[in-house]
Amino acid sequence: MLKDYSLRQYALAYAKVGMAVFPLVPKSKNPATQHGFQDATTDFNQIDKWWMKNPNYNIGIATGQVSGGLIVIDLDIDKEKGKHGNETLRDWEAEQGQLPDT
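For the sequence shown, the UniProt record's numbering gives the first residue as 1, with consecutive numbering after it.
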């Protein structure tokens with residue numbers, strides 16, 4: 001059974017496993033802080049302050065060294081070529097080498 005966790009609890013859970021988080025404007029991908037992803041942190045006190053200010057903030061997760069080397073691959077539909085993300089990824093792997101299992 002899934003529990004109904006708050007966005008604050010999810011943000012803290014991400015931070016607990018080393019992912020640096022920052023608040024996003026509710027229902028958007030826009031940063032809610034002045035410096036955006038550069039404000040990302042794993043500091044529980046700061047995360048509490050942000051989500052106590054607005055419990056509806058979305059969660060941004062910074063990539064790179066600050067989050068243990070986390071990378072993101074965003075696979076969209078290539079409208080010009082009519083290819084879906086999975087096809088694009090297969091083509092990329094054929095050229096660059098297979099990605100490691102995660």
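Note that the Cβ used here is the ideal one computed from N, Cα and C, for glycine as well.
Local conformation of residue i per DSSP, three classes
i, result
"residue 83", "strand"
"residue 61", "strand"
"residue 99", "coil"
"residue 103", "A query on residue 103 cannot be resolved here, the shown segment of the chain reaching from 1 to 102 and no further."
Opening and closing residue of the alpha helix (DSSP H) in which residue i lies
i, result
"residue 7", "7-16"
"residue 22", "Element bounds for residue 22: not the alpha helix (DSSP H) but the beta strand (DSSP E), 21-24."
Terminal residues of the beta strand (DSSP E) in which residue i lies
i, result
"residue 54", "That residue, residue 54, is in no beta strand (DSSP E); it is neither H nor E in DSSP."
Close Cβ partners of residue i (< 6 Å) along its chain, the five nearest in sequence each way excluded
i, result
"residue 20", "40, 41, 42, 62, 66 and 67"
Chain-order list of residues whose beta-carbon lies under 8 Å from that of residue i (same chain, five-residue window excluded)
i, result
"residue 31", "22, 23, 24, 25, 37, 39 and 60"
"residue 14", "21, 59 and 61"
Residue i versus the options, residue with shortest Cα-Cα distance
i, options, result
"residue 5", "51, 35, 29 and 18", "51"
"residue 9", "97, 45, 64 and 92", "45"
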